[in-house]
Amino acid sequence: LSLGSCHINKSIEVFYGSEKYDTAACLVRYPNCKTIIIDVCRQSSYRYNQCAQVLGKEDMIATDKVYPNTAKIFKEGFTGKTNMPFDFFLSRYKITYIHKTIAFYESLV
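Residue numbers for the sequence shown follow my numbering, beginning at 75 and rising by one.
Here is the structure:
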C-alpha cells in the first residue's frame, strides 16, 4: 500500500508524478508476514531523517544519522546534538535516491 499527498506546500501540486507530493507513506508486507513502514515528509521539525528501527519479539536494533561527534547539549529550551549530521542524504546517495523515488512513484500510479 502506497500513499502520497500534499500537506505542506500546496504550490507543488501542479508538478508531475511524485514531485507533487510532500508527504508519502508505504506499507510493505513480506511473504514471511514481516511488515515494514516507510514514511517521508519534505518538512519536519528535525530536518531530515536517516534512521531505521527494527523491532523483534525480545530485541530492537536502531541506527541514526552520522554526526561529527557524539556530544549533546542539554539546556532549558533545547536538547540535541552539537553539530549537524555529515552530508545530506542526497549528496551521498543521489543515484539510489532517484531510482527509489521513481520506484515509489510507479507504485502509486
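Every residue gets a Cβ at the ideal spot worked out from N, C-alpha and C, and that includes glycine.
Counting Cβ pairs, one atom from each stretch, are 3 or more of them under 8 Å apart for the segment 174-181 and the segment 84-102? Segments in contact, yes.
Determine the extent of the beta strand (DSSP E) in which R103 is found, giving its start and end residues. By one-based count along the sequence shown, residue 103 stands at place 29. Taken as a continuous stretch (DSSP letters only), the beta strand (DSSP E) holding R103 covers T97 to R103.
For the beta strand (DSSP E) containing K131, list its first residue and its last residue. Locating residue 131 in the sequence shown gives position 57, counting from the first residue. It is not in any beta strand (DSSP E) - K131 carries neither H nor E in the DSSP assignment.
From which residue to which residue does the beta strand (DSSP E) around G154 run? Counting from 1 along the sequence shown, the entry for residue 154 is found at position 80. The continuous beta strand (DSSP E) containing G154 extends over residues F152 to K155.
Identity of the residue in R116, V102 and T156 nearest I82 by Cα: By 1-based counting over the sequence shown, the position of residue 82 is 8. The shortest C-alpha separation from I82 is found at R116.
N143 versus T137, T156, L77 and K149, residue with shortest Cα-Cα distance: Position 69 of the sequence shown, counted from the first residue, corresponds to residue 143. Answer by Cα proximity: T156.
For K146, collect the residues of the same chain with a Cβ closer than 8 Å to its Cβ; drop the 5 residues on either side in sequence, then sort them by chain order. Walking along the sequence shown from the start, residue 146 turns up at place 72. Correct list, in chain order: T153, G154, K155 and T156.
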